[in-house]
Amino acid sequence: MKLLSVMYNGWGEHWPLGTLADNGHDILFEYSPEALRRGIELSPRHLPLRVIAFGGAPRHQHGLPGLIADSLPDGWGQLLMDRLRGQASVSPLDRLAFIGEHGMGALSYWPASAREPEPARVASPAWLAELANAAQDVGRGEASPLLGQLALLGAAPHGTRPKLLLSLPDQADAHGQSHDHGGAEADAHAGSAAPWLIKFAGHGQHKEVCAIEYVYAELARACGLEVPDTRYFDLDRNQAAFASRRFDREDGQRVPVQTLASLLHANFRLPSVDYGTFLRATRLLTRDQRQVEAAFQRCVFNVLFNHRGDHARSIAYRMNRKGDWQLAPCHGLEFSHGPLGQHQMPVMGACAAPARADLLRLAADTAVPERRARDLIAATLAQAGLFARLARDAPIRAGTVKTIAQAIAANRDRLK
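Counting in our numbering, the sequence shown runs without a single skipped number right up to 489 at its last residue.
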């Protein structure tokens, strides 16, 4: 029997949440007496506070409850673990032990497996370029002397593109670009900087994907969506980086987060969640009409700006200091064609070309007032031409700009 303790570290608190037990056939989770006493409901639908052993979680969650499965990476992070430790020997509890106290959100796992200490330095463009090139080597299946560092810094985040959890120095213009192409290594200690998530281009992708994501963050801000502070780095001829300030850390404290997939035990790799489910789940968890309307606004943005990588693990919730759940800031917004040219989350059944009527039906189906829905659609449509203006000043190839602008124009026409 393999045991692993799950610790809660949200908002400066530190106490045992429960225990995972792997008997070789099933993974069980049981809340601790401390968790039951404190009464913080982290996963009310599939992991409510009860004095029972929870088991039988879906295979797509590696047999783990969704709240805990959220701590595991998928594409890139899983690849790093497999390369570093040997795929055949890495069980779900082994992966969680490797994450230890270095994961996203407010959960940690003990006893953590032995691992080298993370580099205690603030990222410089020169170091980022070195790591970006090493990530490309790993993506091609080649050996890299920096594999260990990549795994230490990038095994926890979700997603397929290479990512790292690093500290960046604070700057006055947190949204601004940095075109520093190198220079001396930063000597500042990590404590003088803020925690950020750094993304590079994936294997076979052009570096412009980082600039596109930066522009999309600006688009989302212009539309009134909540977006973390972002930065763009032009690292070298072949590499760039997109950075977003982590919303699971605040004032040096860890913040509880969970994805929509975790909340629903949904398989994010399949089109198993639609926007109606997203809005209803938001109402269930947050009990706040404003949050439901913000979720609707995200749907409008994703449809207009052709963000079709809109799966259930790309949406997250964040618990505030009072214990209330809210939508986490938008993240991972980018132009994407989607599988077979479709949204991964349908809008009232429409996947390939959602139209204005579909959005209004969604609003009616989820108790978003029609007038409010029309106002949100109009406000988003008013920014339809902003991409082309922002892209003129960004390092994005002309052909790519044309492709994206044409897709946005076609979507705009369907939403008028």
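Just so it is clear, CB atoms sit at the ideal spot from N, CA and C, and this is done for glycine as well.
CA nearest to the CA of residue i, picked from the options
| i | options | result |
| --- | --- | --- |
| A266 | V474, N311, G325, M74 | G325 |
| V211 | A199, A224, S240, L201 | A224 |
| S409 | D438, F378, R391 | F378 |
| A368 | G382, R381, Y390 | Y390 |
| P131 | I125, A142, R123 | A142 |
| D243 | L204, V288, T303, P218 | T303 |
| R381 | A196, Y289, F306, K475 | Y289 |
| R485 | T473, I113, R462, A451 | A451 |
| I113 | A199, L90, L435 | L90 |
| L454 | A185, V376, T439 | V376 |
| R353 | A482, Y305, V474, L435 | L435 |
| G214 | W183, V163, G275 | G275 |
| A446 | L140, P412, A430 | A430 |
| A440 | A425, Q362, V474 | Q362 |
| R17 | M421, G396, E443 | Because the chain here runs from 74 to 489, residue 17 falls outside it and cannot be looked at. |
| P268 | Q222, R327, H231, Y305 | R327 |
| Q492 | E107, I481, V474 | Residue 492 is absent from the structure shown; the chain starts at 74 and stops at 489. |
| L124 | Q134, H133, E107 | Leu is not the amino acid found at residue 124; the sequence shown has Val there. Selected option, being the one with the closest Cα: E107. |
| E407 | T473, Q222, A425 | T473 |
CB contact check: residue i to chain C, cutoff 8 Å
| i | result |
| --- | --- |
| M177 | Although the question refers to chain C, the structure presented lacks it and comprises just one protein chain. |
Beta carbon of residue i nearer than 8 Å to that of residue j
| i | j | result |
| --- | --- | --- |
| A216 | H175 | no |
| L488 | L400 | no |
| P344 | P419 | yes |
| L336 | R118 | yes |
| P165 | L145 | yes |
| R318 | P329 | no |
| A316 | L241 | yes |
| L308 | A205 | yes |
| L239 | A202 | no |
| L199 | S186 | Reading off the sequence, residue 199 comes out as Ala, not Leu. No, the Cβ-Cβ distance between A199 and S186 is not below 8 Å. |
| Q34 | D383 | Since the first and last residues shown for the chain are 74 and 489, residue 34 lies out of range. |
| L526 | Q331 | Since the displayed the chain opens at 74 and closes at 489, residue 526 lies outside it and no answer follows. |
| R444 | W84 | no |
| H231 | D321 | no |
Beta-carbon contacts of residue i that lie in its chain and below 8 Å, excluding the five residues immediately before and after
| i | result |
| --- | --- |
| T92 | L76, L77, S78, V79, F102, E103, S105 |
| H87 | M80, Y81 |
| L220 | L153, R156, L157, A207, V211 |
| Q278 | R234 |
Chain-order list of residues whose beta-carbon lies under 6 Å from that of residue i (same chain, five-residue window excluded)
| i | result |
| --- | --- |
| P235 | W149, A208, F273 |
| A385 | L333, A334, A339, F341, V346 |
| D95 | K75, L166 |
| W398 | L358, T359, Y390, M392 |
| T355 | Q364, V365, A368 |
| S387 | G405 |
| D438 | G349 |
| M421 | D431, R434, L435 |
| A483 | none |
| L115 | L140 |
| A423 | D431 |
Own chain partners of residue i with C-beta closer than 7 Å, once the 5 adjacent residues on each side are dropped
| i | result |
| --- | --- |
| Q298 | According to the sequence displayed, residue 298 carries Leu and not Gln. The answer, listed in chain order, is Q370, R371, F374, C403. |
| S181 | M80, N82, G173, E174 |
| D99 | G128, G129, G136 |
| H252 | Confidence in H252 is poor, its pLDDT being 39 and thus under 50, which makes the residue's placement unreliable; the coordinate value appears in the next sentence. Around H252: D307. |
| A478 | F460, A461 |
| N311 | K280 |
| S237 | Correcting the residue type first, residue 237 is Leu in the shown sequence and not Ser. Excluding sequence neighbours, L237 sits near L204, L226, G227, I271. |
| G411 | R381, G382, Q417 |
Beta-ladder partner(s) of residue i, from DSSP
| i | result |
| --- | --- |
| L377 | In DSSP, L377 forms no bridge with anything. |
| G83 | R327 |
| S240 | P268 |
| P89 | M80 |
| E114 | E114 is not bridged to any residue. |
| D307 | A313 |
| K75 | D95 |
| M392 | W398 |
| L180 | Y81 |
| V420 | A423 |
| S409 | H380 |
| E286 | None, per the DSSP bridge assignment. |
| F127 | F102 |
| R156 | Per DSSP, none; premise fails for R156. |
| R465 | According to DSSP, which records beta bridges pairwise, R465 is partnered with nothing at all. |
| T332 | A389 |
| R322 | R327 |
*Evaluate the contact criterion for the stretch 339–353 versus the stretch 290–306: three or more CB pairs, one atom per stretch, below 8 Å.*
no
*asked:* Would the stretch 167–184 count as touching the stretch 363–382 if we require 3 or more Cβ pairs under 8 Å?
replied: no
*asked:* Assess contact between the stretch 459–471 and the stretch 276–284, defined as three or more Cβ pairs (one per stretch) separated by less than 8 Å. Is contact present?
replied: Output reads yes: the stretch 276–284 touches the stretch 459–471.
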